[in-house]
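Using my numbering, the first residue of the sequence shown is number 383, and each one after it goes up by one. Glycine residues also receive a C-beta, built at the ideal position from the N, C-alpha and C atoms. Only a predicted model underlies this, so the values are computations on that prediction, with no experimental measurement involved.
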Amino acid sequence: MSEKDGLRTYRGKRHFDRTSEPSGERAARDEAARTADDDPAFVVQIHDASTMHFDFRLEVDGVLKSWSVPKGPSTDPHDKRLAIPTEDHPMAYRDFEGVIPEGEYGGGTVIVWDQGTYRPTSHDKRNRPVPFGEALEKGHATFDLRGEKLRGRFALTRFHGREEASGGSARKPTWLLVRTGSGGGSGRGTPDPRRARSALSGRTLHQVAEAPDAPRWEPNGGEQK
Ligand code: MN
């Protein structure tokens, strides 16, 4: 699937004259500086929409593959977190923090809870590395997260749950996101989304909702309007 096709669903759901989310139209140019040698990016956003949830996104082939994780990723290997696939997002979305207007798709406040890079760790039976996109297509991918909050090995595993589990979209499979235990897991689970602070700006959901356009104090906070 080409990148353009990958973002068609994303663009089709949004009005970019009303939401400050990135359209991804400039993706190729914006990402030109990234090279194949760079580790791919991941981001976890907290999204206070009609239902509070976390959005878990992994860079794969130029887009952010995305899952909605109602309870958020847990650092406790005992927690199996439901992860419902959502549409691919443009790479620029990994810095998106702000307020999506009420009435628009996903209306509500978004903060970047964690961000960093990851290393795919899936291997085949002969112990050869499997490209990450291929591992996802087969329904099981493992990876090491190197974020500010999430560190260590995680696995995403597809299963075909009941239709209700995927929000009424019968064709959509469901996944589980699990910390697989390697590395010094603290087992502290996931913090309360309402008290959690942005990895980009240090702000809470509430603070972003009150002042979505406040300048960021982090070096990568160049606002683009
Ligand atoms: Mn969301």
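Item                                                                                                                                                                         : Value
Three-state secondary structure (DSSP) at L532?                                                                                                                              : coil
Looking only at C-alpha atoms, which of P575, K447, P511 sits nearest to P455?                                                                                               : P575
Over the uninterrupted alpha helix (DSSP H) stretch that includes H588, give me the two end residues.                                                                        : 587-592
So, do the segment 418-429 and the segment 487-507 have three or more beta carbon pairs nearer to each other than 8 angstroms?                                               : yes
Could you tell me whether the Cβ of A593 comes closer than 8 angstroms to any Cβ of chain D?                                                                                 : No chain D appears in this structure, which consists of one protein chain only.
May I ask you to check if the CB of A465 is nearer than 7 angstroms to at least one heavy atom of the ligand MN?                                                             : no
Please report the Cβ distance between F525 and T503, rounded to the nearest whole angstrom; I am assuming they are in contact, meaning their Cβ atoms lie under 8 angstroms. : 6 angstroms
Alpha carbons only, please: which of D458, D437, E484, V481 is nearest the one belonging to H471?                                                                            : D437
Using alpha carbons as the reference points, say which of R579, L559, T391, A465 lies closest to F536.                                                                       : L559
In the DSSP output, what is F438 paired with across the bridge?                                                                                                              : V426, W449
Given a cut-off of 8 angstroms, decide if E441 and P459 are closer than it, judged by their beta-carbon atoms.                                                               : no
Indicate the three-state DSSP secondary structure (helix, strand or coil) for D574 in the structure shown.                                                                   : coil
From K531, R501, R390, S402, pick the residue whose C-alpha is nearest to that of T491; which is it?                                                                         : S402
Tell me the rounded alpha-carbon separation between R577 and T433.                                                                                                           : 16 angstroms
Using the three-state DSSP reduction, which class does A465 fall into: helix, strand or coil?                                                                                : strand
From the DSSP secondary-structure annotation, give me the bridge partner or partners of F514.                                                                                : Beta-bridge pairing links F514 to no other residue.
State yes or no: is the C-beta of L532 within less than 8 angstroms of the C-beta of T457?                                                                                   : yes
In whole angstroms, what separates the C-alpha of G394 from that of G406?                                                                                                    : 12 angstroms
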